[in-house]
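Notes to accompany the following structure.
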Amino acid sequence: MMLTPVGPENRDANHLLSPIMKEHQIISLETRDVRFPLHDGAGSDAVHSGSEYAFAATLLASDSNLYGTGIVLTLGPGNQLVCEAIELLGQGLVGQGIEELMADFGAVTQRLAQHPQLRWLGPQKGVIHLALASLTNACFDLWAKARGVPLWRLLLDLSPRELVNLLDLSYLEDVLTRDEAAAIFDNHLSGRCEREQILQRGYPGYDTSVGWLQYEDSQIKTLAREAMGRGFRALKLKVGSHDEQRDLRRASMLRELVGPDALIMLDANQRWTLPVAIRMCQALRTMSPHFIEEPTHPDDIHGHRKLAEAIAPIRIALGEHVPNRIVFKNFMQADAVHFVQADCTRLAGISEFLTVSLLARKFGLPVVPHVGDMGQIHQHLVLFNHIAMGHEALFLECIPHLQQYFVAPARIENGVYLTPQTPGSSSELKGVAPK
25 MMLTPVGPEN RDANHLLSPI MKEHQIISLE TRDVRFPLHD GAGSDAVHSG
75 SEYAFAATLL ASDSNLYGTG IVLTLGPGNQ LVCEAIELLG QGLVGQGIEE
125 LMADFGAVTQ RLAQHPQLRW LGPQKGVIHL ALASLTNACF DLWAKARGVP
175 LWRLLLDLSP RELVNLLDLS YLEDVLTRDE AAAIFDNHLS GRCEREQILQ
225 RGYPGYDTSV GWLQYEDSQI KTLAREAMGR GFRALKLKVG SHDEQRDLRR
275 ASMLRELVGP DALIMLDANQ RWTLPVAIRM CQALRTMSPH FIEEPTHPDD
325 IHGHRKLAEA IAPIRIALGE HVPNRIVFKN FMQADAVHFV QADCTRLAGI
375 SEFLTVSLLA RKFGLPVVPH VGDMGQIHQH LVLFNHIAMG HEALFLECIP
425 HLQQYFVAPA RIENGVYLTP QTPGSSSELK GVAPK
């Protein structure tokens, strides 16, 4: 699939476009395999140890000296595969003007996802879908920079129909049509002013970094106290140890330390089989987990439904490894998920994140993103979700390990994400720029 470039021979057809839409033509696409080794147990969970965080980064340079950065998270050597897929999938973007590209971006992403050969590697999952996510996120970053506004502002300035045009809603027609998607935005226009107060307050966060699986008990205690001192009232603990008693002891220890009013989330990172998940969730009931994240295999929709019934009222969160909107739709239809952890670095980028957020709104479910971007892009998206769709402002995951590498790192004070003001999606990395 190749997109038709907007060259001189095409511009007569676009004579009615405003000046801004004639500028910021994409002139090159490059990728970067960027890796960040983690130390002393950071990033460890029940299935990932010795983690090396990595971003498969897309760089879209424009003729106006602006460039967009798109990132997706991988762990180590697989990053190179995603970079190669980005280059295969994305060359058709070169020559496009960013305004024209984004005017019907849903159709663009649908064509990319349905590439007649590369889709075989998915479809809409795995390496090829991660590549589409990186490309998509780079387009949104460049678009926001071209308009000189942060991503959240860009999205809020769009009309309901313009927003819907960003989305690929194929395979969702049974639950969410284009008209229904536009109606969700339309129906929430009247309450925006009140919800926009969050721009001054900031968006609540929760601290994931206190409870990595390889951390010793003493380290968890120290980090949890420090997190509470920094204003966090919600923390996450990794479970799924080979020694089940270790999980039970650490969960009870953390509950005793932070008290009954703090929220504690538990994350098994897919370690448990369904029978083990049922047994462990029942055993952990006494420490009142706010939710259990990824309790079993992420493709097992029926298993999650059975688990949800068995452990109620304990709730299930998932999304870190849910690859696309169709699988999310199936989880929602099955009443197998309670917290939707959509991630724009696992789904096909920002546009599919917005699609899943619309689905969640339709099904009455909260969105609490998994942050493969370390919260950089999602700090914009949760503000938009709250203001434009009326999603409850619950909290956003905070993972601070890579903050020093971003040009505009997320600012978190007193447990709250402060509203970003820099143009773009906050995904630009220090020292990572087009040649």
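My numbering puts the sequence shown at residues 25 to 459.
Every residue gets a Cβ at the ideal spot worked out from N, C-alpha and C, and that includes glycine.
These numbers were taken from a predicted model, which means no experiment stands behind them.
With S86 as the anchor, note down where its alpha helix (DSSP H) starts and where it stops. Per DSSP, S86 belongs to no alpha helix (DSSP H); it is in the beta strand (DSSP E), E76 to S86.
Roughly how many whole angstroms lie between the Cα atoms of W296 and A155? 29 Å
Contact the stretch 432-440 vs the stretch 191-209: 3+ CB pairs below 8 Å: no
So, is E317 buried or exposed, given that buried needs 16 or more other C-beta atoms within 10 angstroms? buried
Compare the Cα-Cα distances from A291 to each of T55, L105, D323 and S233 and report the closest residue. The identity of residue 291 in the sequence shown is Asp, whereas the question assumes Ala. Comparing Cα positions, the closest option is S233.
By the 10 Å Cβ neighbour count, where 16 or more other Cβ atoms means buried, how is C422 classified, buried or exposed? buried
Just confirm the distance between the C-beta atoms of L389 and M413, as a whole number of angstroms; I'd bet it's less than 8 Å. Not quite, the Cβ-Cβ distance comes to about 12 Å (not below 8 Å), so this is no contact.
Under the rule that 16 or more other beta-carbon atoms within 10 Å means buried, what is K459, buried or exposed? exposed
Would you call N348 buried or exposed, if buried means 16 or more other Cβ atoms sit within 10 Å of its Cβ? buried
Classify G74 as buried or exposed, calling it buried when 16 or more other Cβ atoms lie within 10 Å of its own Cβ. exposed
Secondary structure of P184, DSSP reduced to three states: helix
Looking at the unbroken beta strand (DSSP E) that takes in T55, where does it start and where does it end? I50 to P61
Straight-line gap, D220 to N211 (C-alpha atoms, nearest Å): Correcting the residue type first, residue 220 is Glu in the shown sequence and not Asp. Roughly 16 Å separates the two Cα atoms.
N- and C-terminal bounds of the alpha helix (DSSP H) containing S242: D241 to G253
For H326, which of V361, G255 and F60 has the nearest alpha-carbon? V361
Quick check on the burial criterion: 16 or more other C-beta atoms within 10 angstroms. Buried or exposed for L213? exposed
With DSSP collapsed to three states, give me the class of Y227. strand
P313 - DSSP class collapsed to helix/strand/coil: coil
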